[in-house]
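Asks: In my numbering, the protein residues as written are 54 to 352. Ideal Cβ positions, reconstructed from N, Cα and C, are used throughout, including at glycine. Since the structure is predicted, the reported quantities are computational estimates derived from the model, not experimental observations. Quick one: structure below, then a few questions.
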Ligand code: R5P
């Protein structure tokens, strides 16, 4: 199998290739003088199974480059193209509303039309992607990655808190993997004109809590969740998010709300330097999946 990457994903590819036993190929993406993208595959791929470590964050240029390289692999004769998109952008854009775009379905069509036969991602936002994509999507759970950190930091007495119903399953997975005996606590989230507001906490929490979520984007959800935990007497909060987008500056309010550390993974571009943010690599998780027989098309 040959692993190809984009400039944005080159570091993760370098960590992944030796672990997964993949050969790294070279794809170069550039622009014509008028701004249109072009791609060149520098490694022979005819008849080969290819894994393209693409990106959808930041979205526009990376997404187009991913699609163009996937299509070029196909036209160069690759036997099979797997789109490895550790952060599946557009996956929150998944509700049908009259007159409005359905970004998840659109992305699925684009990937399929560009030659991808399968998508592998980490902690996809919701299961709705399986109905909206015209190709199989395998979403890998990062629970073990976070659980290892909880154990390493001696936090097994911590309360795990779900910021909304959608996060319950991923929170339970982390709690179980880390062997945390306290039952999960849940916050109830509502969207108002002022944004996300957490109105009720179900379940008991101790003085230390960890909120587990899939995405930290603007941080609005987590700011509101931390305010609610502060009202419940929690004094030390850790945040574990799979995809740290860190958009804008509002998320920095977290530091004044009892948050002592944010853990995210390297599925997205590196977070701002200098803060108490730990970046955990998903390379071992991706490698284990790619090495498994089913990833090679075996029965
Ligand atoms: C919502 O359902 C997601 O799981 C995240 O909680 C949310 O999208 C994060 O966005 P933000 O950081 O902008 O609140």
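So residue 265 and residue 198 are in contact, right, with Cβ under 8 Å, and what is the actual spacing, rounded?
Replies: Not a contact, Cβ separation roughly 11 Å.
Asks: Entirely within the region 275-345 and at least 4 residues each: give me those alpha helix (DSSP H) ranges in chain order.
Replies: Taking only runs of at least 4 residues, the alpha helix (DSSP H) segments lying wholly in the region 275-345 are 336-344.
Asks: Under a Cβ-count criterion, where at least 16 other Cβ atoms within 10 Å of its own Cβ denotes burial, should residue 291 be classed as buried or exposed?
Replies: Buried, since its Cβ has 16 or more Cβ neighbours within 10 Å.
Asks: For residue 244, write down the residues that DSSP places opposite it in a beta bridge.
Replies: The partner list for residue 244 (beta bridge, DSSP) reads 249.
Asks: Is it buried or exposed, residue 87, if we count other Cβ atoms within 10 angstroms and call 16 or more buried?
Replies: Classification of residue 87: exposed, given that the 10 Å Cβ count is below 16.
Asks: With distances taken between CB atoms, is the gap from residue 336 to residue 69 smaller than 8 Å?
Replies: Result yes, Cβ atoms of residue 336 and residue 69 sit closer than 8 Å.
Asks: Give the DSSP-derived three-state secondary structure of residue 228 in the structure shown.
Replies: DSSP places residue 228 in helix when its eight states are reduced to three.
Asks: Measure the alpha-carbon distance for residue 59 versus residue 135 and round it to whole angstroms.
Replies: Between residue 59 and residue 135, the C-alpha separation is close to 14 Å.
Asks: Comparing the CB of residue 145 with every heavy atom of ligand 1, is any distance shorter than 7 Å?
Replies: For ligand 1, at least one heavy atom lies less than 7 Å from the Cβ of residue 145.
Asks: Between which two residues does the beta strand (DSSP E) carrying residue 83 extend?
Replies: Residue 83 -> beta strand (DSSP E) spans 80-84.
Asks: Only counting the same chain, and skipping five residues up and downstream in sequence, which positions put a Cβ closer than 8 Å to that of residue 115?
Replies: Hits under 8 Å: 59, 61, 107, 108 and 109.
Asks: Just list the residues that DSSP pairs residue 105 with in beta bridges.
Replies: According to DSSP, which records beta bridges pairwise, residue 105 is partnered with 57 and 136.
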